[in-house]
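Colleague: Below is a structure I'd like to ask you about.
Residue numbers (the numbering used here): 32 to 589.
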């Protein structure tokens, strides 16, 4: 490659190649390096190697002149911002205390299997090898957390307790089963049965051993660690999750305005569900007496039908949904997952499609009043439509911009915007489904209030109508959610643990939605009668990843 051909985009994609060569989780997610049986290196040395890759990429980027190509400039800005934010988190020692109930390093040793192909004997041989390598990955992460103990960089006790419970579910000890790994390899070929079963048993034993170490050694060391992280750590985390320097006090005040507005809408909609009862009673009524689907297979199929109908209704009218974008799979989340539904994007070649995951949490009956809006968020037109479209454009933009460079608040903001869009388009006219949509909006608004409030120790406003003047605690946050959100208790409890263990991530939904709405409104105001929503949507989905610092301005020009 000559100097003349080096651009921000080539540097970004070279960075991606270096990351996936080091990190098999990223490679598996992108569908690269088939046959690789490595596990992520979760040792202190492994995290430092990733940081060195980021530092070298920033040095290379510094040497490239500013391009006249706006797409290349956008890539350069994203790459610089993302790597700077990642290094700030790394240099502050966050990896030494990163233990939480969702999307943590410890979950990667299991998540990686869900990205692997299992069509051939060679695929299953790689699965067996990766299972055999799982104990080494957990040993590496034990070394990282042990270093965190010595540096007094520790997770809080409730995070350790949550992960201990999750790992017990992985092993199957809570139900008397053989565990997740044994279930995962059960469809494997008979000729590899011995290797697969032995490897699954080895992996399960390693998880149990790591769980016991967390319980007996790590958890006691966390006893005096506070849940709240404070303003400085929170500021770093918010930059990492939003790609912006957020005015936290303004966001907190704005979220209270959203809270009061949404509460009024919920009261009005609840009158259509159960007149005179109020919002919370109406939601409890729907939870107990509303439409429900019974059985795991039935709810998986029902959620698939929600996405399939959305694709049919939206294609050609409000979006162009063609080719591999039309394929998205509904799946049941594995035992030991957090309580929230989630989406996993497709591989770069679409050989693995986008997938939504629904945690059943041991239940057999599933009320649907919230789920229509939630699956517009997770599937279509939410996460799947945006992230699969990015993958389809990876060669035109850069693979980095559409995968590793993802900004959480952008993607979560789009998915929440997608829920609101479906309401605006008339897809949520059923009172139960619309109350579910409003309740999901309330949940995301509550997230902003209590995530910022708990970590910064803010006071509850005098006009809040809830413990005025008191400062946020996890106990108050739990009561607040129980008073104003209709989610089941196990989901509410899981959410509080999530916010405390993953500071700054949960505020990106509403702040991201605000950015998407402001950008759309600015484009509509600029174009007037010429504004076409479908055209704007497709141009917006072709931008690739942007932080909130840039998103509104870019959307306004479309």
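Ideal placement from N, C-alpha and C gives every residue a C-beta, glycine not left out.
I'd like the ranges of any beta strand (DSSP E) spanning at least 3 consecutive residues and lying wholly in the region 332 to 387.
Modeller: 359 to 363 and 373 to 375
Colleague: Taking buried to mean at least 16 other C-beta atoms within 10 Å of its own C-beta, is residue 126 buried or exposed?
Modeller: What you label residue 126 is simply residue 95 of the chain shown in a count that begins at 1. So residue 126 ends up on the buried side.
Colleague: Could you spell out where the beta strand (DSSP E) holding residue 458 opens and where it closes?
Modeller: Reading the chain shown from its first residue, position 427 is the one you call residue 458. Per DSSP, residue 458 belongs to no beta strand (DSSP E) and is neither H nor E.
Colleague: State the Cα-Cα distance for the pair residue 497 and residue 261, rounded to the nearest angstrom.
Modeller: Position 466 of the chain shown, counted from the start, is the residue given in the question as residue 497. Position 230 of the chain shown, counted from the start, is the residue given in the question as residue 261. If you take the alpha carbons of residue 497 and residue 261, they lie about 23 Å apart.
Colleague: Let's test the definition: count the other Cβ atoms within 10 Å of the Cβ of residue 190 and tell me whether it reaches 16, buried, or not, exposed.
Modeller: Mapped onto the chain shown, residue 190 falls at position 159. Residue 190 should be labelled buried.
Colleague: Let me check one thing: in DSSP terms, what residues is residue 419 bridge-paired to?
Modeller: In the chain shown, the residue the question calls residue 419 occupies position 388. Residue 419 is not bridged to any residue.
Colleague: Please state whether DSSP places residue 425 in a helix, a strand or coil.
Modeller: Position 394 of the chain shown, counted from the first residue, corresponds to residue 425. Correct three-state label for residue 425: coil.
Colleague: Using CA coordinates, which residue listed in 225, 77 and 572 is at the minimum distance from residue 432?
Modeller: By one-based count along the chain shown, residue 432 stands at place 401. Of 225, 77 and 572, the residue nearest in Cα terms is 572.
Colleague: Could you tell me the boundaries of the beta strand (DSSP E) in which residue 398 lies?
Modeller: Stepping through the chain shown from its first residue, residue 398 is reached at position 367. Residues 396 to 398.
Colleague: Closer than 8 Å by C-beta to residue 315: which residues in its own chain qualify, once you throw out the five before and the five after it? Chain order, please.
Modeller: Walking along the chain shown from the start, residue 315 turns up at place 284. Contacts found: 517.
Colleague: So the candidates are 238, 374, 276 and 491; which of them puts its Cα closest to the Cα of residue 163?
Modeller: As a working mapping, residue 163 is identified with position 132 in the chain shown. Among 238, 374, 276 and 491, the Cα nearest to that of residue 163 belongs to 238.
Colleague: Classify residue 33: buried if its beta carbon has 16 or more other beta carbons within 10 angstroms, exposed otherwise.
Modeller: Walking along the chain shown from the start, residue 33 turns up at place 2. Because the pLDDT at residue 33 is just 47, under 50, the model does not fix this residue reliably, and the value given afterwards should be weighed accordingly. With fewer than 16 other Cβ atoms within 10 Å, it is exposed.
Colleague: Is the beta carbon of residue 500 less than 9 Å from the beta carbon of residue 508?
Modeller: As a first step, residue 500 is located in the chain shown; it is residue number 469 there, counting from the start. As a first step, residue 508 is located in the chain shown; it is residue number 477 there, counting from the start. Not in contact: residue 500 and residue 508 (Cβ atoms no closer than 9 Å).
Colleague: Give a yes or no on whether the C-beta atoms belonging to residue 534 and residue 249 are separated by under 9 Å.
Modeller: Position 503 of the chain shown holds residue 534. Position 218 of the chain shown holds residue 249. Going by C-beta atoms, residue 534 is not nearer than 9 Å to residue 249.
Colleague: Work out the CA separation of residue 113 and residue 232 for me, nearest whole Å.
Modeller: To locate residue 232, count along the chain shown from 1; it is residue 201. To locate residue 113, count along the chain shown from 1; it is residue 82. C-alpha separation (whole angstroms): 39 Å.
Colleague: In whole angstroms, what is the alpha-carbon distance linking residue 437 and residue 306?
Modeller: Residue numbering aside, residue 437 sits at position 406 when the chain shown is read from its first letter. Residue numbering aside, residue 306 sits at position 275 when the chain shown is read from its first letter. The alpha-carbon atoms of residue 437 and residue 306 are separated by roughly 44 Å.
Colleague: Counting only the same chain and skipping the five closest in sequence on each side, list residues whose C-beta sits under 7 Å from that of residue 378.
Modeller: To locate residue 378, count along the chain shown from 1; it is residue 347. Taken in chain order, the residues that qualify are 61 and 62.
Colleague: Can you tell me where the beta strand (DSSP E) with residue 324 in it begins and where it stops?
Modeller: Along the chain shown, one-based indexing puts residue 324 at 293. From DSSP, the beta strand (DSSP E) with residue 324 extends over 323 to 325.
Colleague: With a Cβ-Cβ cutoff of 9 Å, do residue 156 and residue 68 count as a contact?
Modeller: Here residue 156 refers to the residue found at position 125 when the chain shown is read from its first residue. Here residue 68 refers to the residue found at position 37 when the chain shown is read from its first residue. Yes, the Cβ-Cβ distance between residue 156 and residue 68 is below 9 Å.
Colleague: Per DSSP, which residues does residue 389 bridge with? Please list them.
Modeller: Within the chain shown, numbered from 1, the residue matching residue 389 stands at position 358. Paired residue(s): 363.
Colleague: What number of angstroms, rounded off, separates the C-alpha of residue 37 from the C-alpha of residue 95?
Modeller: Position 6 of the chain shown holds residue 37. Position 64 of the chain shown holds residue 95. Each residue's Cα considered, the two are about 7 Å apart.
Colleague: DSSP three-state label for residue 502, please.
Modeller: On the chain shown, residue 502 is found 471 positions in, with the first residue counted as 1. In the structure shown, residue 502 sits in a strand (DSSP, three-state: E or B).
Colleague: Grab me the residues of residue 549's own chain with a C-beta within less than 7 Å of its C-beta, minus the 5 sequence neighbours each way, in chain order.
Modeller: The residue you call residue 549 lines up with position 518 of the chain shown. Within the same chain, residue 549 has close Cβ partners 583.
Colleague: So residue 529 and residue 133 are supposed to be a Cβ contact under 8 Å. How far apart are they, rounded?
Modeller: As a first step, residue 529 is located in the chain shown; it is residue number 498 there, counting from the start. As a first step, residue 133 is located in the chain shown; it is residue number 102 there, counting from the start. With 8 Å as the limit, residue 529 and residue 133 qualify as a contact, their Cβ atoms being about 5 Å apart.
Colleague: With residue 64 as the anchor, note down where its alpha helix (DSSP H) starts and where it stops.
Modeller: As a position in the chain shown, residue 64 is number 33, starting the count at 1. In the DSSP assignment, residue 64 falls outside any alpha helix (DSSP H) and carries neither an H nor an E.
Colleague: Which residue or residues does DSSP assign as beta-bridge partners of residue 135?
Modeller: Position 104 of the chain shown, counting from 1, holds the residue named residue 135. Under the DSSP definition of a beta bridge, residue 135 lacks any partner.
Colleague: Sorted by chain position, which residues of the same chain lie with C-beta nearer than 7 Å to residue 124's C-beta, five sequence neighbours on each side aside?
Modeller: What you label residue 124 is simply residue 93 of the chain shown in a count that begins at 1. The residues 182 and 184, in chain order, have a CB closer than 7 Å to that of residue 124 in the same chain once the five nearest residues on each side in sequence are set aside.
Colleague: Confirm, please, whether the CB-CB distance from residue 140 to residue 215 is below 9 Å.
Modeller: Here the question's residue 215 lines up with position 184 in the chain shown. Here the question's residue 140 lines up with position 109 in the chain shown. Not a contact, by the Cβ cut-off of 9 Å.
Colleague: Give, in chain order, every unbroken run of the alpha helix (DSSP H) that is at least 4 residues long and sits entirely within the region 280 to 325.
Modeller: 310 to 320
Colleague: Roughly how many angstroms lie between the CA atoms of residue 380 and residue 342, to the nearest whole one?
Modeller: Translated into the one-based positions of the chain shown, residue 380 becomes position 349. Translated into the one-based positions of the chain shown, residue 342 becomes position 311. Approximately 21 Å between the Cα atoms of the pair.
Colleague: Quick one: what's residue 490 bridged to in DSSP?
Modeller: For the purposes of this step, residue 490 is taken as the residue at position 459 of the chain shown. Under DSSP, residue 490 takes part in a beta bridge, and its partners are 502.
Colleague: On the DSSP letters alone, give me the boundaries of the alpha helix (DSSP H) that residue 206 sits inside.
Modeller: Locating residue 206 in the chain shown gives position 175, where the first residue counts as 1. Careful: residue 206 lies outside any alpha helix (DSSP H) and carries neither H nor E.
Colleague: Does the Cβ of residue 557 have 16 or more other Cβ atoms within 10 Å, making it buried, or fewer, making it exposed?
Modeller: Residue 557 sits at position 526 when you count from the first residue of the chain shown. Per the 10 Å Cβ criterion, exposed.
Colleague: Return the chain-ordered list of same chain residues with a C-beta closer than 7 Å to the C-beta of residue 397, the five sequence neighbours on each side being excluded.
Modeller: Locating residue 397 in the chain shown gives position 366, counting from the first residue. Hits under 7 Å: 323, 324 and 330.
Colleague: Just verifying my parser: in three-state terms, what is the DSSP assignment at residue 437?
Modeller: The residue you call residue 437 lines up with position 406 of the chain shown. Looking at residue 437 - three-state DSSP - the assignment turns out to be coil, as it is neither helix nor strand.
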